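The structure appears below as structure tokens.
There are 2 protein chains.
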Amino acid sequence: MAAGIPVRQGVTKTPRQAMDTTRDGALAAAAAVRAGEITAVELVQAALDRIAEFEPQVAAWTHLDPELALERAREADERRRRGEPTGPLHGVPVGIKDIIDTADLPTECGTVLHAGRRPARDAAIIATLREAGAIILGKTVTTELAVYAPGNTRNPHNYERTPGGSSSGSAAAVAAYMVPLAVGSQTNGSVIRPASYCGVYGFKPSFGRISRHGVLEISRPLDTLGVFARDLEDLALLSDTLMVYDQRDPDMRPLARPGISAIMGAAPPVEPRLAFIRAPAWERAEQTTKDAFRELCEHLGDRVDMVDLPRMFDEALDTHRIIMEADLAKNTAKLYQDGATQLSERLREMIESGQRVLATEYNTARERSGEYAAIINELMNDYDAILTPAATGEAPGYETTGDPAFCTIWSLCGVPSLNLPILQGPAGMPLGAQLVAAKGDDARLFRTARWLVESLQ
Amino acid sequence: MAAGIPVRQGVTKTPRQAMDTTRDGALAAAAAVRAGEITAVELVQAALDRIAEFEPQVAAWTHLDPELALERAREADERRRRGEPTGPLHGVPVGIKDIIDTADLPTECGTVLHAGRRPARDAAIIATLREAGAIILGKTVTTELAVYAPGNTRNPHNYERTPGGSSSGSAAAVAAYMVPLAVGSQTNGSVIRPASYCGVYGFKPSFGRISRHGVLEISRPLDTLGVFARDLEDLALLSDTLMVYDQRDPDMRPLARPGISAIMGAAPPVEPRLAFIRAPAWERAEQTTKDAFRELCEHLGDRVDMVDLPRMFDEALDTHRIIMEADLAKNTAKLYQDGATQLSERLREMIESGQRVLATEYNTARERSGEYAAIINELMNDYDAILTPAATGEAPGYETTGDPAFCTIWSLCGVPSLNLPILQGPAGMPLGAQLVAAKGDDARLFRTARWLVESLQ
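Residue numbers (my numbering), protein chains in the order written: chain A, 1 to 457; chain B, 1 to 457.
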């Protein structure tokens, strides 16, 4: 480890005291439940206790029903006592972004226009989680309609700062040791950015690998569910659980499960090679971010090459904006018609901008995003992963959710990306390194990430 | 066979004299070549002789290079003589719509703006055809950019009438016994309608089953290559050859070949049931068309139910138009910019209409087309096929290419459809019955078609 690199050891330390029952995370908790060393009720009660202590400051949750969660935990314990098969997450509490439908808790998508909305059915991934034995602890705060306008969640490392968004509550709840696992979504930078700000691991899989059936649609070609955890093993466990084919998501293909945990457990056959990419938003990065990555690259030495993307990527942020805004306008048409004045000004402006996009512009943007993806996937013939910042710098103040610019290309291209909470900024706040792989190479991305994290220890 | 049903027996009879060497079609020709009873050169020469006789009246071809075709035939004969493996179409001449790239013949797409255009490479299906041993005889006339403005092709049954479009030359060349097989394309009604007008069998497969790599793009979610032949067996042979996965067409999925010829050869396990659908364009059908289908349904008796589509299908033609025009505008942007005045007025109006379509309208139309497809595919749980007219009536005069309205829904839904040339109109011109199946049920559609044709004999 080169001197002077501001590497964060391990995970978030604020709030400083890890909850005893989950300090080793989801994998250990599930193993303890299976071994009869702890009950699901004890795990859920510990999570609720932790939430009772820190929720007033962090505000990660929008719907919590402690009695319901405890009841589900009692049922899980009862099933285990009866000798029924237990899933890989049996008894483990999980937080769910409040754009994902749950039949037993409201789903309000961060807008008063959906106040009191109660879906009739669980989203596909909720059913999958329940089958895996997980306890849906509650719904976490999202920005307004999973776009920019912040909820009231604060960064557990510094309550004056944002946790990022749009998956604000999911990232903060994991960072604050309220739950070991949470689910979020990314249309632009809504998983990787809050993971970076909150100092947790975050994963946005390849496009089309986690079902979005029963999830608020912002932009079909961009929306991707993602996950948060405090270590790579937990992140892999949750990813392996959720990455199953569902024909109700029209963008999924019947592919085999990626087997992330197994592949990550093996050593890379040769030492990985990384491409350091500054992306089209490098000028937006803070100087300390640039410095941290320069040092990180120096430490990696000949394992990393500096790669510049072709000039056509200069239009990538515009390309993404055209698609996202036009899709947002379509998908919010009824909300806008019924209650435009109850939308934030920024969201209203985005919708109105999207209403003006022409079909020819939209489809040209879609084609360009296909060309970008082809170039990125081609580049990955020569590298195991792309290394790039996860965000422009540390979390800014809580009146915004920060700048997603370092995530935009990877969302647009549908390639998998990981946030590794291995750096810190000048104020001691977390700063993430982002690793990106070719589409479909999700498992190898985790293996490369493990190699990178271990090489810094 | 009920009395009075104006069923056409067999295939087109005008021009009346079948070419000796191909009178039994592609299957027989290929068998004769394999058996050494005829050479590819003889087949090609016979086709060229036939063309020399009727091309002045029919004008089906836009690029013919007799010497090149004969040279390819000599090569095919040489390969056979050397004992190299022969493909299923070894030595069989095929006509290719002039929107499909060929490296050894021009590809001008029916517009002076592409005059002299010589693609560097063959389209995927041209390579597939060459591998199967087929001889690309020449390029057939297309309407302007495969849309409406007619070329100079005439209907072989009556030179004052249109062969239909946009695959005008392919349908006419097969009808005139110039070639046993031809390839066309359908974005709205460009295979089924000319097949109906020309009295030949036509097949538009399920969307995404024949590669469009190297083919003029009009509308990616609609464009479908299709085929023409004078009997179902030949049509199946060509379809089986062309329906192979090609990852360069982004809308193809790696599916097994449908095995149409084999499945069509088996008897249906139970007598098929048909749904007679009048489609949203019934009021455009001529009275004699309505009468012919009423009698056909009476003949089929309890094998056919009259089914009305939900009212939402009333918007299907508009939905299709929005998608097709907006995509056309995008895909012709450069042509329009460089040479709008050299486009026909009708095409220019369509492009300009497409330029004004909003992304929200386009994407709403795309979603609605998905809803239509779900309803049609659901309906097919109860029926083997939909029965509906292929066109509003007989071929009109050659100044238009006729009305595609009876094909629009099936193009929009991406479901397979067949034209069966089994009826005739009041002027003695051909009139097709269209059969439609659920998406992916291409082989069963042929089997049902064979049953229907045999039940009328």
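Heads up, the beta-carbon is just placed ideally off N, CA and C, and yes, glycines get one too. Note that the structure is predicted; figures quoted are calculated from it, not measured.
Taking the alpha-carbon of residue i as reference, which of the options has the nearest alpha-carbon?
i                : options                                   : result
Thr128 (chain A) : A:Ile100, A:His157 and A:Leu113           : A:Ile100
Gly301 (chain B) : B:Arg253, B:Arg450, B:Pro93 and B:Phe276  : B:Phe276
Arg444 (chain A) : A:Arg273, A:Arg294, A:Gln57 and A:Thr62   : A:Arg273
Asp327 (chain A) : A:Glu42, A:Leu420, A:Ile218 and A:Gly95   : A:Ile218
Tyr197 (chain B) : B:Val183, B:Asp223, B:Asn158 and B:Gln342 : B:Asn158
Asp123 (chain B) : B:Arg311, B:Ser167, B:Val141 and B:Ile210 : Correcting the residue identity first, residue 123 (chain B) is Ala in this sequence and not Asp. The option with the nearest alpha carbon to Ala123 (chain B) is B:Ile210.
Ala266 (chain B) : B:Arg450, B:Ala433 and B:Ala115           : B:Arg450
Thr401 (chain B) : B:Val44, B:Ile375, B:Arg294 and B:Thr143  : B:Thr143
Thr153 (chain B) : B:Gln424, B:Glu399, B:Arg212 and B:Val94  : B:Glu399
Gln434 (chain B) : B:Gln424, B:Ile386 and B:His299           : B:Ile386
Leu309 (chain B) : B:Glu298, B:Ala120, B:Arg253 and B:Ala374 : B:Ala374
Met264 (chain A) : A:Leu452, A:Val94, A:Arg80 and A:Phe293   : A:Leu452
Ser475 (chain B) : B:Val58, B:Glu345 and B:Asp318            : Here chain B comprises residues numbered 1 to 457, so residue 475 (chain B) is not present and cannot be evaluated.
Gly83 (chain B)  : B:Glu55, B:Pro280 and B:Gly36             : B:Gly36
Arg303 (chain B) : B:Val270, B:Arg220, B:Asp249 and B:Leu335 : B:Val270
Asp442 (chain A) : A:Ser167, A:Asp24 and A:Gly414            : A:Gly414
Trp61 (chain B)  : B:Leu43, B:Val174, B:Gly199 and B:Asp223  : B:Val174
With residue i as the anchor, note down where its alpha helix (DSSP H) starts and where it stops.
i                : result
Ile192 (chain A) : Ile192 to Cys198
Ala73 (chain A)  : Pro66 to Arg81
Lys290 (chain B) : Gln287 to Leu300
Measure the C-alpha to C-alpha separation of residue i and residue j and round it to an integer number of angstroms.
i                : j                : result
Phe203 (chain A) : Ala365 (chain A) : 25 Å
Ala130 (chain B) : Ile136 (chain B) : The question names Ala, yet the displayed sequence has Arg at residue 130 (chain B). If I take the Cα positions, the gap works out to 8 Å.
Leu89 (chain A)  : His90 (chain B)  : 59 Å
Pro163 (chain A) : Gln337 (chain A) : 31 Å
Glu75 (chain B)  : Thr39 (chain B)  : 11 Å
Gln9 (chain B)   : Gln457 (chain B) : Caution applies to Gln9 (chain B), whose pLDDT of 44 falls short of 50 and renders its modelled position unreliable; the model cannot decide the point.
Ile260 (chain B) : Lys330 (chain B) : 35 Å
Glu361 (chain B) : Arg72 (chain A)  : 44 Å
Val191 (chain A) : Ser417 (chain A) : 10 Å
Asp305 (chain A) : Ile422 (chain A) : 20 Å
Glu454 (chain B) : Leu412 (chain B) : 30 Å
Pro426 (chain B) : Glu160 (chain B) : 16 Å
Val141 (chain A) : Ala149 (chain A) : 12 Å
Ala172 (chain A) : Met178 (chain A) : 9 Å
Asn377 (chain A) : Asp234 (chain A) : 27 Å
Leu420 (chain A) : Pro258 (chain A) : 20 Å
Lys439 (chain B) : Asp65 (chain A)  : 45 Å
Gly432 (chain B) : Pro389 (chain B) : 6 Å
Val244 (chain A) : Glu371 (chain A) : 27 Å
Ile51 (chain B)  : Glu67 (chain B)  : 14 Å
Arg118 (chain A) : Thr102 (chain A) : 8 Å
Leu347 (chain A) : Asp231 (chain A) : 34 Å
Ala132 (chain B) : Thr289 (chain B) : 39 Å
Gly184 (chain A) : Leu237 (chain A) : 15 Å
Gly428 (chain B) : Leu216 (chain A) : 57 Å
Ile5 (chain A)   : Gln247 (chain B) : In this predicted model, Ile5 (chain A) has a pLDDT of only 46, less than 50, meaning its place in the structure is not dependable; the value taken from the coordinates is given anyway. Taking the straight line joining both Cα atoms gives about 45 Å.
Ile395 (chain A) : Ser167 (chain B) : Before going on, a small fix: residue 395 (chain A) reads as Ala here, not Ile. Between Ala395 (chain A) and Ser167 (chain B), the C-alpha separation is close to 60 Å.
State the start and end residues of the unbroken beta strand (DSSP E) segment that holds residue i.
i                : result
Asp327 (chain A) : Segment Ala316 to Asn331 is the alpha helix (DSSP H) holding Asp327 (chain A); no beta strand (DSSP E) there.
Lys169 (chain B) : It should be noted that the sequence gives Gly, not Lys, for residue 169 (chain B). Where Gly169 (chain B) is concerned, there is no enclosing beta strand (DSSP E), although the alpha helix (DSSP H) it sits in stretches over Ser168 to Ala175.
Asp305 (chain B) : Val304 to Val307
Val33 (chain A)  : Per DSSP, Val33 (chain A) belongs to no beta strand (DSSP E); it is in the alpha helix (DSSP H), Gly25 to Arg34.
Val94 (chain A)  : Pro93 to Lys97
Identify the residues that DSSP records as bridge partners of residue i: which are they?
i                : result
Trp61 (chain A)  : A:Thr140
Phe459 (chain A) : Past the edges of chain A, shown from 1 to 457, lies residue 459 (chain A), and the structure says nothing about it.
Ala385 (chain B) : B:Leu274
Arg220 (chain A) : Partner(s): none; Arg220 (chain A) has no beta bridge.
Val436 (chain A) : A:Ile386 and A:Ser417
Arg161 (chain B) : B:Gly397
Closer than 7 Å to a non-hydrogen atom of the ligand GDP - does that hold for the CB of residue i?
i                : result
Gln247 (chain A) : The ligand GDP is not part of this structure, which contains no ligands at all.
Within 8 Å of chain B by C-beta, residues of the region 341 to 360 of chain A in sequence order | Gly354, Gln355, Arg356, Val357, Leu358, Ala359 and Thr360
Of the residues that make up the region 323 to 337 of chain B, which ones have a beta carbon closer than 8 Å to any beta carbon in chain A?
-> Ala326, Asp327, Ala329, Lys330 and Ala333
Selection of the region 369 to 393 of chain B by Cβ proximity to chain A, strictly under 9 Å | Gly370
Residues of the region 129 to 162 of chain A with Cβ closer than 8 Å to any Cβ of chain B, in chain order | none
Selection of the region 218 to 246 of chain B by Cβ proximity to chain A, strictly under 7 Å = none
Scan the region 271 to 300 of chain A for residues whose Cβ lies nearer than 9 Å to a Cβ of chain B and list them as they occur along the chain.
-> none
Taking Cβ-Cβ distances below 8 Å as the criterion, which residues of the region 169 to 188 of chain A are in contact with chain B?
-> none
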